[in-house]
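Chemist: Before I ask anything, let me first share the structure, which is written out below as structure tokens.
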Amino acid sequence: METRSTQLLKGTLDMCLLATIAQRPCYGYELVQQLAQQGLDLVSEGSIYPLLSRLQQHGYIEGYLVASRDGPSRKYYRLLPAGTKQLERWQAEWEAFARAVERILKGAHSDAKS
Amino acid sequence: MQKADRQTQQQIADLVRACASYWELRGIAREHITEMQLELEQHLQQAASDGKSLEAVLGPHPAAFAEAWAREMRPRVLRGGARVLRGLVYALSVVSTSALLSQLLAHSPAFTFTLFAAYLLACSGLLALLLQLSGFLAPRISTRSGREALLLAGIVLAVLLLRLAGVTVNWSRALLTWSWPVTIVLLVLAAVLFSLDSWHTFHKARATLTFAGFPALRTVTVFVASVGVFDLLLFAGSVAVIDFCRLALRLM
Numbered sequence: 109m110e111t112r113s114t115q116l117l118k119g120t121l122d123m124c125l126l127a128t129i130a131q132r133p134c135y136g137y138e139l140v141q142q143l144a145q146q147g148l149d150l151v152s153e154g155s156i157y158p159l160l161s162r163l164q165q166h167g168y169i170e171g172y173l174v175a176s177r178d179g180p181s182r183k184y185y186r187l188l189p190a191g192t193k194q195l196e197r198w199q200a201e202w203e204a205f206a207r208a209v210e211r212i213l214k215g216a217h218s219d220a221k222s
Numbered sequence: 007m008q009k010a011d012r013q014t015q016q017q018i019a020d021l022v023r024a025c026a027s028y029w030e031l032r033g034i035a036r037e038h039i040t041e042m043q044l045e046l047e048q049h050l051q052q053a054a055s056d057g058k059s060l061e062a063v064l065g066p067h068p069a070a071f072a073e074a075w076a077r078e079m080r081p082r083v084l085r086g087g088a089r090v091l092r093g094l095v096y097a098l099s100v101v102s103t104s105a106l107l108s109q110l111l112a113h114s115p116a117f118t119f120t121l122f123a124a125y126l127l128a129c130s131g132l133l134a135l136l137l138q139l140s141g142f143l144a145p146r147i148s149t150r151s152g153r154e155a156l157l158l159a160g161i162v163l164a165v166l167l168l169r170l171a172g173v174t175v176n177w178s179r180a181l182l183t184w185s186w187p188v189t190i191v192l193l194v195l196a197a198v199l200f201s202l203d204s205w206h207t208f209h210k211a212r213a214t215l216t217f218a219g220f221p222a223l224r225t226v227t228v229f230v231a232s233v234g235v236f237d238l239l240l241f242a243g244s245v246a247v248i249d250f251c252r253l254a255l256r257l258m
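The following block contains the structure:
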């Protein structure tokens with residue numbers, strides 16, 4: 109059975125990816141590492157790729173190949189203007205949602221105390 | 007960063023090839039498949055070097071991962087059909103050349119397409135497809151020979167089950183019989199369709215910047231050689247099966 113954190117991550121992974129790419133262009137494995145550094149461990153790392161493709165199809169990010177000295181080119185992703193706007197919208201949505209959940213949890217906590 | 011061992015490299019290669027075959031069947035554009043393959047392979051290599059399992063990247067069901075990614079890539083049914091068409095061109099080439107050879111060798115005015123030949127063609131097509139997709143089992147069965155043995159065991163089990171269920175087949179039963187003109191028409195049709203497919207693949211390859219080059223001569227040689235080998239197999243198999251059926255009838 110999936111843990112709650114896995115379910116929460118599933119619903120917010122596209123937003124997290126967009127926010128990570130907004131900081132600087134990244135390639136797939138780098139994105140997974142950045143998320144892990146922030147404490148978000150993915151159940152299957154490959155699940156980022158369908159989402160990256162979706163973000164690309166929506167025009168929020170774009171992929172580009174960077175030549176490498178050691179081997180074949182690597183695909184990096186960078187944010188596009190439409191992605192910046194979408195990230196702002198998602199961020200506002202998330203903050204409102206998180207505030208509401210927090211209020212409920214705090215309310216439940218104070219009810220339990222009294 | 008350490009390099010993954012040989013067996014893991016093989017698992018990665020098989021897994022990536024299985025994904026690519028699946029995406030091709032789903033009708034994703036060739037240039038996208040090339041990029042997806044590259045990304046996936048690099049990710050798997052880096053993960054393996056960091057000591058992660060293949061399952062950590064693709065989850066317990068690699069086929070589900072391949073499908074999830076395919077859904078986001080705007081697949082087109084028609085594009086996937088091109089691969090099926092290639093299989094049909096191959097089958098047509100085998101049938102037409104085996105008809106030509108058997109009519110020439112036996113000085114016969116007609117060719118009979120038996121149930122055995124149809125079965126052999128269908129099973130070979132299915133087996134070729136399953137072998138390409140068997141890479142999906144790579145995270146669980148690490149060696150290629152292990153995966154092939156599992157496939158073979160599955161086929162043998164299916165045949166045994168059919169036999170146990172009482173299904174008996176007259177392998178030498180004639181499905182179709184045709185004369186010289188039809189054989190010639192089929193040969194010409196196979197040659198035209200193969201040329202069209204090769205021309206299409208060549209132009210696609212030229213349009214893809216990441217494609218190193220299209221080995222046209224090698225493709226034609228491999229195709230002709232494999233059709234020849236298949237013809238031999240079909241001929242030897244038919245003779246053996248028909249002789250076996252005759253012997254079985256005599257013994258009964």
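Protein sequence lines, in the order shown, are assigned to chains B and Y. Going by my numbering, the first residue of the first sequence is number 109, and it counts up by one from there. Going by my numbering, the first residue of the second sequence is number 7, and it counts up by one from there. Each residue gets a CB set at the ideal place from its N, CA and C atoms; glycine is no exception.
Using a Cβ-Cβ cut-off of 7 Å, state whether glutamate 37 of chain Y counts as contacting chain B.
Modeler: no
Chemist: At what residue ranges does the segment 125–207 of chain B contain a whole run of the beta strand (DSSP E), taking only runs of 3 or more?
Modeler: 169–174, 182–187
Chemist: State the start and end residues of the unbroken beta strand (DSSP E) segment that holds alanine 171 of chain Y.
Modeler: Alanine 171 of chain Y -> no beta strand (DSSP E), and no H or E assigned at all.
Chemist: Give the single residue among B:Val140, B:Leu150, B:Gly136 whose Cα lies nearest to the Cα of glutamate 110 of chain B.
Modeler: B:Leu150
Chemist: Checking 7 Å against the spacing of the C-beta atoms, do alanine 144 of chain Y and aspartate 11 of chain Y come in under that value?
Modeler: no
Chemist: For cysteine 129 of chain Y, tell me which candidate among Y:Val173, Y:Leu157, Y:Val22, Y:Phe117 has the shortest Cα-Cα distance.
Modeler: Checked all of Y:Val173, Y:Leu157, Y:Val22, Y:Phe117; the closest Cα to cysteine 129 of chain Y is Y:Leu157.
Chemist: Taking the alpha carbon of leucine 121 of chain Y as the point to measure from, which residue in Y:Leu181, Y:Gly57, Y:Trp29 has its own alpha carbon closest?
Modeler: Y:Leu181
Chemist: What residue from Y:Thr118, Y:Thr227, Y:Leu107, Y:Arg150 has the CA that sits closest to leucine 193 of chain Y's CA?
Modeler: Of all alpha-carbon atoms in Y:Thr118, Y:Thr227, Y:Leu107, Y:Arg150, the one lying nearest the alpha-carbon of leucine 193 of chain Y is that of Y:Leu107.
Chemist: What does the alpha-carbon distance come out to for the pair valine 198 of chain Y and serine 99 of chain Y?
Modeler: 10 Å
Chemist: State yes or no: is the beta carbon of arginine 162 of chain B nearer than 7 Å to at least one beta carbon in chain Y?
Modeler: yes
Chemist: First and last residue of the alpha helix (DSSP H) that includes phenylalanine 142 of chain Y?
Modeler: It is not in any alpha helix (DSSP H) - phenylalanine 142 of chain Y carries neither H nor E in the DSSP assignment.
Chemist: Using three-state DSSP, classify tryptophan 184 of chain Y as helix, strand or coil.
Modeler: strand
Chemist: Assign proline 68 of chain Y to buried or exposed, taking buried as 16 or more other Cβ atoms, counted over all protein chains shown, within 10 Å of its Cβ.
Modeler: Of the other Cβ atoms in all chains shown, 16 or more fall within 10 Å of the Cβ of proline 68 of chain Y; this residue is therefore buried.
Chemist: Just to make sure I have the definition right: I need the residues of chain B whose C-beta is within less than 8 Å of the C-beta of alanine 74 of chain Y. Which are they?
Modeler: Ser155, Pro158
Chemist: Let me see if you follow: with CB-CB separation under 7 Å, is glycine 141 of chain Y close to chain B or not?
Modeler: no
Chemist: So which of Y:Val228, Y:Asp237, Y:Phe117 has the shortest CA-CA distance to isoleucine 190 of chain Y?
Modeler: Ranking the options by Cα distance to isoleucine 190 of chain Y, first place goes to Y:Phe117.
Chemist: Cα separation between glycine 160 of chain Y and leucine 133 of chain Y?
Modeler: Looking at the two C-alpha atoms, the distance is approximately 11 Å.
Chemist: Can you check whether the CB of isoleucine 169 of chain B is closer than 7 Å to the CB of leucine 163 of chain B?
Modeler: yes
Chemist: Anyone know if the C-beta pair for serine 161 of chain B and glutamate 45 of chain Y falls short of 7 Å?
Modeler: no
Chemist: Which first and last residues belong to the beta strand (DSSP E) in which threonine 118 of chain Y is found?
Modeler: Taken as a continuous stretch (DSSP letters only), the beta strand (DSSP E) holding threonine 118 of chain Y covers 116–120.
Chemist: DSSP on threonine 216 of chain Y, reduced to helix/strand/coil?
Modeler: Annotation note: pLDDT 49 at threonine 216 of chain Y (below 50); position unreliable, coordinate value reported separately. If DSSP states are grouped into helix, strand and coil, threonine 216 of chain Y belongs with coil.
Chemist: Give a yes or no on whether the minimum CB-CB distance between tyrosine 185 of chain B and chain Y is below 7 Å.
Modeler: no
Chemist: Roughly how far, in whole angstroms, is the beta-carbon of leucine 139 of chain Y from the beta-carbon of serine 232 of chain Y, given that I think they are within contact range, below 8 Å?
Modeler: Leucine 139 of chain Y to serine 232 of chain Y, Cβ: 19 Å. No contact.
Chemist: Looking at the structure shown, is histidine 67 of chain Y part of a helix, part of a strand, or coil, going by DSSP?
Modeler: coil
Chemist: Among Y:Leu135, Y:Gly33, Y:Ala124, Y:Ala54, whose alpha-carbon lies nearest the alpha-carbon of threonine 183 of chain Y?
Modeler: Of the listed residues, the one whose Cα sits closest to threonine 183 of chain Y is Y:Ala124.
Chemist: Select from Y:Phe142, Y:Ala35, Y:Leu31 the residue whose C-alpha is nearest the C-alpha of proline 66 of chain Y.
Modeler: Y:Phe142
Chemist: Pull up the distance between the alpha-carbon of alanine 127 of chain B and that of glycine 147 of chain B, whole angstroms please.
Modeler: 15 Å
Chemist: Does the beta carbon of tyrosine 168 of chain B come closer than 7 Å to any beta carbon on chain Y?
Modeler: no
Chemist: Answer with buried or exposed for tyrosine 96 of chain Y, where buried requires no fewer than 16 other C-beta atoms within 10 angstroms of its C-beta.
Modeler: buried
Chemist: Give the list of continuous alpha helix (DSSP H) stretches no shorter than 4 residues that lie fully inside the segment 72–139 of chain Y.
Modeler: 83–112, 121–139
Chemist: Take the Cβ of threonine 227 of chain Y as the centre, count every other Cβ of all protein chains shown within 10 Å, and call the residue buried at 16 or more, exposed below.
Modeler: Under this definition threonine 227 of chain Y is an exposed residue.
Chemist: Would you mind reading off the limits of the alpha helix (DSSP H) that contains serine 27 of chain Y?
Modeler: 12–32
Chemist: Establish whether the CB of phenylalanine 71 of chain Y and some CB of chain B are separated by less than 7 Å.
Modeler: yes
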